[in-house]
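S.K.: Pasting a structure here, questions to come.
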Amino acid sequence: MNGAHDMGGVHGFGPVVPEADEPTFHADWERRTFALALAAGRAGQWNLDMMRFAFENRSPSDYLSKSYYERWLAGLETMLKERGLITEDEIKAGRSLGEPKKVDGILHHGNVEAIFARGRPTERPTSVTARYRIGDRVQARNINPSTHTRLPRYVRGRHGVIERVNGCHVFPDSNALGQGENPQWLYTVRFTARDLWGPDADQMFKVSVDAWEPYLEPADQAH
Amino acid sequence: MSHDHENDGDRSHLSEVELRVRALETALREKGYIDPAAIDLLIERYEKKIGPRNGARVVAKAWANEDFKQVLLADPAQTLASLGYAGMQGEHTTVVENTPNLHNMVVCTLCSCYPWPLLGLPPVWYKSGPYRSRAVIDPRSVLLDFGVELSADTEVRVWDSTAEMRYLVLPMRPPATEGWSEEQLASTVTRDCMIGTGLPQLPGVLPR
Numbered sequence: 001m002n003g004a005h006d007m008g009g010v011h012g013f014g015p016v017v018p019e020a021d022e023p024t025f026h027a028d029w030e031r032r033t034f035a036l037a038l039a040a041g042r043a044g045q046w047n048l049d050m051m052r053f054a055f056e057n058r059s060p061s062d063y064l065s066k067s068y069y070e071r072w073l074a075g076l077e078t079m080l081k082e083r084g085l086i087t088e089d090e091i092k093a094g095r096s097l098g099e100p101k102k103v104d105g106i107l108h109h110g111n112v113e114a115i116f117a118r119g120r121p122t123e124r125p126t127s128v129t130a131r132y133r134i135g136d137r138v139q140a141r142n143i144n145p146s147t148h149t150r151l152p153r154y155v156r157g158r159h160g161v162i163e164r165v166n167g168c169h170v171f172p173d174s175n176a177l178g179q180g181e182n183p184q185w186l187y188t189v190r191f192t193a194r195d196l197w198g199p200d201a202d203q204m205f206k207v208s209v210d211a212w213e214p215y216l217e218p219a220d221q222a223h
Numbered sequence: 224m225s226h227d228h229e230n231d232g233d234r235s236h237l238s239e240v241e242l243r244v245r246a247l248e249t250a251l252r253e254k255g256y257i258d259p260a261a262i263d264l265l266i267e268r269y270e271k272k273i274g275p276r277n278g279a280r281v282v283a284k285a286w287a288n289e290d291f292k293q294v295l296l297a298d299p300a301q302t303l304a305s306l307g308y309a310g311m312q313g314e315h316t317t318v319v320e321n322t323p324n325l326h327n328m329v330v331c332t333l334c335s336c337y338p339w340p341l342l343g344l345p346p347v348w349y350k351s352g353p354y355r356s357r358a359v360i361d362p363r364s365v366l367l368d369f370g371v372e373l374s375a376d377t378e379v380r381v382w383d384s385t386a387e388m389r390y391l392v393l394p395m396r397p398p399a400t401e402g403w404s405e406e407q408l409a410s411t412v413t414r415d416c417m418i419g420t421g422l423p424q425l426p427g428v429l430p431r
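Chains as they are written, first to last, in the working numbering: chain A, 1 to 223; chain B, 224 to 431.
In structure tokens, the structure reads:
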């Protein structure tokens, strides 16, 4: 979606203000929200891409007025309610008001270390050959789905070069819609600042994004 | 809430969001969707156990041992896994090396992707509008916000973490540190220099 989360190149946010000796969390509700969101994911009712979409899928003013963990909380509540795990009345009451939904499982404390030390790799085996090789010139497609995508607006339509071929990975655009992992080749695509921002841009500056094959087309077919 | 009179006084100072998260947690627990001990372990893991000291050890090891550095750069996933620095949000990590002519910087313009096993959870500024918006259009001015001024002939390379690839910047080893132990070297490696918004800090030299 073309949402407020897609911030690359937007002006007006002001300076970056680092906080000295910053704590990991700034309030107890932040640490609990973080852990609840991770743990609730084990119920198997949504995947990471659906969760990211739940975090970003709100009006620009709402997105920008929320702090980071407020977005997590809002996204988590959305997922829980949409999947029928909990109701607004139950959150308001602070207790269960009905039978729980049957879920795939829960995160048991005995499994935390093993599960989080292993992580959740997104690379998948494939028999499909990668369309691009290192050094190929490509153009990022001009796509504007209203659903989840990981192709930021600032590279759409721009020309770049394949810098790395990273294997075949779960495709977020499909996965967020519940249409399966649909693994696609994933590339690191390098753009010059001038290709992104015009002739006045710093010549000694390049940016890369990680882009799945459906986000790209060969540069020579572009015109 | 009549069962809870004694705590009402305690709760009155809590913010709306604090109360809502407590209510949500209680409801989820009663439903049986969460194991409270797992919640405590997750918080402990990411608040106390995992942080930028992990990444600093890797950087120091790479500085001290050229063979290790080459293996780390060539096969970061395997190398980091063998050191125990893989796992959630670090499944596909790449290490990018700074040189006198090249300065690397990492951002996630779309959300907050960050190499958790090496650096812990990201600081607020990394997740904020100013950093996410400006890193990909004006990184030199972002670096100035951190007190880092690069020469105009140093190329800046920004890595936008738009997939599950995670990036760790391998900064340049500070001068005059020959013969230092890995532990001493690691003490110069700040979180920011592994994101690319800082430089290693020698003892006695205050960050600007």
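Think of the CB as a built atom: it goes at the ideal place given N, C-alpha and C, for glycine as much as any other residue.
In the DSSP assignment, find the alpha helix (DSSP H) that holds LEU303 of chain B and state where it starts and stops.
M.R.: 299-305
S.K.: Span of the beta strand (DSSP E) holding PRO362 of chain B?
M.R.: Taken as a continuous stretch (DSSP letters only), PRO362 of chain B belongs to no beta strand (DSSP E), being part of the alpha helix (DSSP H) at 362-368.
S.K.: Any beta-carbon of chain A closer than 8 Å to the one on LEU408 of chain B?
M.R.: So no, LEU408 of chain B is outside the interface.
S.K.: Does the beta carbon of HIS108 of chain A sit closer than 8 Å to a beta carbon anywhere in chain B?
M.R.: yes
S.K.: Do you know how far the Cα of LYS206 of chain A is from the Cα of ARG118 of chain A?
M.R.: 33 Å
S.K.: With ASN142 of chain A and ARG156 of chain A assumed to form a contact (beta carbons below 8 Å), what rounded beta-carbon distance in angstroms separates them?
M.R.: 5 Å
S.K.: Tell me the DSSP secondary structure of THR129 of chain A in three-state form.
M.R.: coil
S.K.: Measuring alpha carbon to alpha carbon, tell me which residue in B:THR316, B:ARG363, B:VAL282, B:ALA358 is nearest MET7 of chain A.
M.R.: Taking the Cα of MET7 of chain A as reference, the smallest distance to any Cα among B:THR316, B:ARG363, B:VAL282, B:ALA358 is reached at B:ALA358.
S.K.: For GLU320 of chain B and chain A, any beta-carbon pair shorter than 8 Å?
M.R.: no
S.K.: I'd like the list of long-range same chain contacts for ASN277 of chain B, defined as Cβ closer than 6 Å, with 5 residues on each side in sequence excluded.
M.R.: TYR308, LEU341
S.K.: Quick check: is the beta carbon of TYR154 of chain A nearer than 8 Å to any beta carbon in chain B?
M.R.: yes
S.K.: Compute the Euclidean distance between the alpha carbons of ILE115 of chain A and GLY198 of chain A, then round it to the nearest angstrom.
M.R.: 45 Å
S.K.: So, does the CB of PRO15 of chain A fall closer than 8 Å to a CB anywhere in chain B?
M.R.: So yes, PRO15 of chain A belongs to the interface.
S.K.: Enumerate in chain order the residues of its own chain whose CB-to-CB distance from ILE273 of chain B is below 6 Å, with the five nearest sequence positions on each side excluded.
M.R.: GLY343
S.K.: Select from A:PHE191, A:ALA39, A:ALA93, A:GLU123 the residue whose C-alpha is nearest the C-alpha of GLN224 of chain A.
M.R.: The requested residue 224 of chain A does not occur in the structure, where chain A is confined to residues 1 to 223.
S.K.: Name the residue from A:GLY14, A:PHE171, A:ASP21, A:HIS11 whose alpha carbon lies nearest to the alpha carbon of ARG150 of chain A.
M.R.: A:PHE171
S.K.: Residues in its own chain within less than 6 Å of PRO338 of chain B by CB, not counting five upstream and five downstream?
M.R.: GLY313, THR316, ARG389, LEU391
S.K.: For chain B, find out if any of its Cβ atoms is closer than 8 Å to the Cβ of ASP62 of chain A; answer yes or no.
M.R.: no
S.K.: Under 8 Å between C-beta atoms, does CYS334 of chain B make it to chain A?
M.R.: yes
S.K.: Excluding five sequence neighbours on each side, which residues of the same chain lie with their C-beta closer than 8 Å to the C-beta of GLY310 of chain B?
M.R.: TRP339, PRO340
S.K.: Does DSSP put CYS168 of chain A in a helix, a strand or coil?
M.R.: strand
S.K.: Could you pull the start and end residues of the beta strand (DSSP E) that THR147 of chain A belongs to?
M.R.: Per DSSP, THR147 of chain A belongs to no beta strand (DSSP E) and is neither H nor E.
S.K.: Who are the near neighbours of ARG153 of chain A in its chain, counting only those whose CB is closer than 6 Å to its CB and skipping five residues on each side?
M.R.: By the criterion of a C-beta distance shorter than 6 Å, ARG153 of chain A is surrounded in its chain by ASP6, once the five residues flanking it on both sides are discounted.
S.K.: According to DSSP, is THR24 of chain A helix, strand or coil?
M.R.: coil
S.K.: Report yes or no: do the stretch 98-111 of chain A and the stretch 29-49 of chain A share at least 3 C-beta pairs separated by less than 8 Å?
M.R.: yes
S.K.: In chain A, what lies closer than 9 Å to THR377 of chain B by C-beta?
M.R.: MET204
S.K.: Taking VAL330 of chain B as the reference, give the member of B:ASP415, B:ARG280, B:GLY427 with the closest Cα.
M.R.: B:ASP415
S.K.: Got a sec? Which residues, its chain only, sit under 6 Å from LEU295 of chain B by beta carbon, not counting five neighbours each side?
M.R.: Cβ within range, chain order: ALA285, THR302, VAL318.
S.K.: Could you tell me the boundaries of the beta strand (DSSP E) in which GLN424 of chain B lies?
M.R.: Run containing GLN424 of chain B: none; DSSP gives neither H nor E here.
S.K.: Tell me, which residues are paired with VAL392 of chain B by DSSP?
M.R.: B:VAL319
S.K.: Could you tell me if VAL209 of chain A is buried or exposed, where buried requires 16 or more neighbouring beta carbons within 10 angstroms of its beta carbon?
M.R.: buried
S.K.: Quick check on MET311 of chain B - is its C-beta less than 8 Å from some C-beta in chain A?
M.R.: yes
S.K.: Taking the alpha carbon of GLY111 of chain A as the reference point, which residue from B:ASP263, B:LEU247, B:PRO426, B:GLU320 has its own alpha carbon closest?
M.R.: Correcting the residue type first, residue 111 of chain A is Asn in the shown sequence and not Gly. Looking at the Cα atoms, B:ASP263 is the closest of the given residues.
S.K.: Taking 7 Å as the cut-off, does the CB of PRO353 of chain B come closer than this to any heavy atom belonging to the ligand ZN?
M.R.: As presented, the structure is devoid of all ligands, the ligand ZN included, so that no description of it is given.
S.K.: Examine chain B for any beta-carbon lying closer than 8 Å to the beta-carbon of ALA222 of chain A, and answer yes or no.
M.R.: Confidence is the limiting factor: at ALA222 of chain A the pLDDT is only 47, short of 50, which leaves the residue's position unreliable and the question unanswerable from this model.
S.K.: Quick one: complete alpha helix (DSSP H) runs, 4+ long, within the stretch 57-122 of chain A?
M.R.: The stretch 57-122 of chain A contains these whole alpha helix (DSSP H) runs: 60-65, 68-82, 88-93, 112-118.
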